[in-house]
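**Student:**
Residue numbers (our numbering): 19 to 395.
See below:
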């Protein structure tokens, strides 16, 4: 397979395949998803009742949900443009949708998705270091907001008298992780010696994890130092649009859930806007579960459980009806933000294959290096 360097793809030794491990991952993932959707969710609310609730939506309500979904997609593309000067709007869309689809349908598909994204960017003339910088900065900004959103939500709940001790504990843990992550990132940008130390430390950890698989040692200290310089240049010029688009993308995603909940009949009195934000924030953390692609199944349960817990004492309808409403909202939200993305990603991948006018390099089969390995080249 090839590895992308600053000069382009370079042929390297082929990595041995492990079809048995991949097969087990797929089987376990499929079994979990089937169990959740075939056994657990029907006990919460019948699919026929959920479907009836969704089909009772007006055309105007459906149109607003579709419009909110499209706007949410645009926010991701704007974020990519803010981190990669020279990237076209529709190029960002093609890349984002194609790689997201792969990540959402394959267990552990994130690595494969990164490979596809690399190949696309390279075919459009971007260098390995530019691509690595895009993926790292957007990844870091998204991670910071994903960790910080539950904390913000709990603070807002506490300020309005809606917080519970059950939420305070995970929010406190999230705050500690967030502060620690920000400090490490700030230290790495502040001094080159810190960047080398952090990169070297991560390299040692990675080496230990790779040792049982007979993989060679990795040394990321020098790569981290070089990458630090590139990051400083980008952040100095693009920190404002990068931060704004990251916040906008998360809020746009949350708004789809809020809109779905209101459209199926759950009022502000039953589940407040801030409570919806809190449930959304914690469900976003659940989406990182590596057992199923995109946390499918687990996210749905987190959303339904969180929304039901938030509103069951204030429901204006019988609890069975309330369960149907929150289940319908959660499944509608996931259909718009997860399910529909899969065929859309297949379509955008075909656009990349056919849109020859965008090409500046021939795409190659690649083996994606780690971000620090790439920065060291």
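For every residue, glycine included, the Cβ atom is placed at its ideal position computed from N, Cα and C.
Check the C-beta distance from residue 265 over to residue 355 and give it rounded, since I have them as a contact under 8 Å.
**Tutor:** Contact doesn't hold; Cβ gap of about 17 Å is too wide.
**Student:** May I ask you to report which of helix, strand or coil DSSP gives residue 300?
**Tutor:** helix
**Student:** Give me the Cβ distance between residue 115 and residue 359, rounded to the nearest whole Å; I'm assuming they're in contact under 8 Å.
**Tutor:** Right, the Cβ-Cβ distance comes to about 7 Å (below 8 Å), so this counts as a contact.
**Student:** Specify the secondary structure class of residue 340 as computed by DSSP and reduced to three states.
**Tutor:** helix
**Student:** Using only the alpha-carbon positions, how far apart do residue 292 and residue 376 sit?
**Tutor:** 43 Å
**Student:** Count the other C-beta atoms from every protein chain shown that fall within 10 angstroms of the C-beta of residue 107, then say buried if there are 16 or more, exposed otherwise.
**Tutor:** exposed
**Student:** Hey, quick one: how far does the alpha helix (DSSP H) through residue 58 stretch, first residue to last?
**Tutor:** Counting along the chain, residue 58 falls outside any alpha helix (DSSP H), and DSSP gives it neither H nor E.
**Student:** As a quick exercise: from 132, 309, 304, pick the residue whose alpha carbon is nearest that of residue 46.
**Tutor:** 309
**Student:** For residue 479 versus residue 340, is the C-beta distance shorter than 8 Å?
**Tutor:** Summary: the structure shown does not reach residue 479, with the chain confined to residues 19 through 395, and so no result is reported for it.
**Student:** Could you pull out every residue in the same chain whose Cβ sits closer than 6 Å to the Cβ of residue 25, ignoring the five residues on either side in sequence?
**Tutor:** Its pLDDT being 43, under 50, residue 25 is placed unreliably by the model, and the measurement read from it follows with that caveat. Cβ within range, chain order: n/a, list empty.
**Student:** Exposed or buried, which one is residue 138 when buried takes at least 16 other CB atoms within 10 Å?
**Tutor:** buried
**Student:** Where residue 98 and residue 336 are concerned, what is the direct C-alpha to C-alpha distance, given to the nearest angstrom?
**Tutor:** 45 Å
**Student:** Return yes when the Cβ of residue 168 is within less than 8 Å of the Cβ of residue 300, no when it is not.
**Tutor:** Going by C-beta atoms, residue 300 is nearer than 8 Å to residue 168.
**Student:** Using the Cβ count rule (16 or more neighbours within 10 Å means buried), how would you classify residue 152?
**Tutor:** Taking every protein chain shown into account, the CB of residue 152 has 16 or more other CB atoms within 10 angstroms, so this residue is buried.
**Student:** Assuming contact is defined by CB atoms lying nearer than 8 Å, are residue 68 and residue 325 in contact in what I supplied?
**Tutor:** no
**Student:** Inspect the beta-carbon positions of residue 271 and residue 294 and report whether they are closer than 8 Å.
**Tutor:** no
**Student:** Tell me the residue span of the alpha helix (DSSP H) that contains residue 367.
**Tutor:** Looking at the DSSP string, the run of the alpha helix (DSSP H) that includes residue 367 is 359 to 372.
**Student:** How would you label residue 117, buried or exposed, when you count the other beta carbons within 10 angstroms and need 16 or more for buried?
**Tutor:** buried
**Student:** Which of helix, strand or coil does DSSP assign to residue 74?
**Tutor:** DSSP places residue 74 in coil when its eight states are reduced to three.
**Student:** Run the CB neighbour count on residue 60, radius 10 Å, all protein chains shown included, and call it buried at 16 or more, exposed below.
**Tutor:** exposed
**Student:** From residue 65 to residue 303, what does the alpha carbon distance come to, in whole angstroms?
**Tutor:** 26 Å
**Student:** Could you tell me whether the Cβ atoms of residue 369 and residue 134 are closer together than 8 Å?
**Tutor:** no
**Student:** Considering residue 162, what are the terminal residues of the alpha helix (DSSP H) in which it resides?
**Tutor:** 146 to 177
**Student:** Measure the beta-carbon distance from residue 104 to residue 378 and round it to whole angstroms, keeping in mind my assumption that it falls under 8 Å.
**Tutor:** Not quite, the Cβ-Cβ distance comes to about 11 Å (not below 8 Å), so this is no contact.
**Student:** Which value, in whole angstroms, describes the spacing of the CA atoms of residue 347 and residue 282?
**Tutor:** 6 Å
**Student:** Could you check the C-alpha separation between residue 263 and residue 160 for me, to the nearest Å?
**Tutor:** 10 Å
**Student:** Select from 86, 81, 100, 333 the residue whose C-alpha is nearest the C-alpha of residue 284.
**Tutor:** Nearest C-alpha to residue 284 among 86, 81, 100, 333: 333.
**Student:** Taking the alpha carbon of residue 260 as the point to measure from, which residue in 154, 357, 321, 287 has its own alpha carbon closest?
**Tutor:** When only C-alpha atoms are compared, the closest one is 154.
**Student:** Taking Cβ to Cβ, would you say residue 119 is nearer than 8 Å to residue 363?
**Tutor:** yes
**Student:** Within its chain, find whatever has a CB closer than 7 Å to the CB of residue 109; leave out the 5 residues flanking it on each side and keep chain order.
**Tutor:** Around residue 109, the same chain offers 142, 376 as residues with beta carbons nearer than 7 Å, after the five sequence neighbours per side are excluded.
**Student:** Buried or exposed, going by whether 16 or more other CB atoms sit within 10 Å of the CB of residue 74?
**Tutor:** exposed
**Student:** Is residue 310 helix, strand or coil when you go by DSSP?
**Tutor:** Three-state result, residue 310: coil.
**Student:** May I ask you to report which of helix, strand or coil DSSP gives residue 226?
**Tutor:** helix
**Student:** Would you grab the beta carbon distance between residue 156 and residue 101 for me? Rounded to a whole angstrom, and I think it's under 8 Å.
**Tutor:** About 5 Å; that satisfies the 8 Å criterion.
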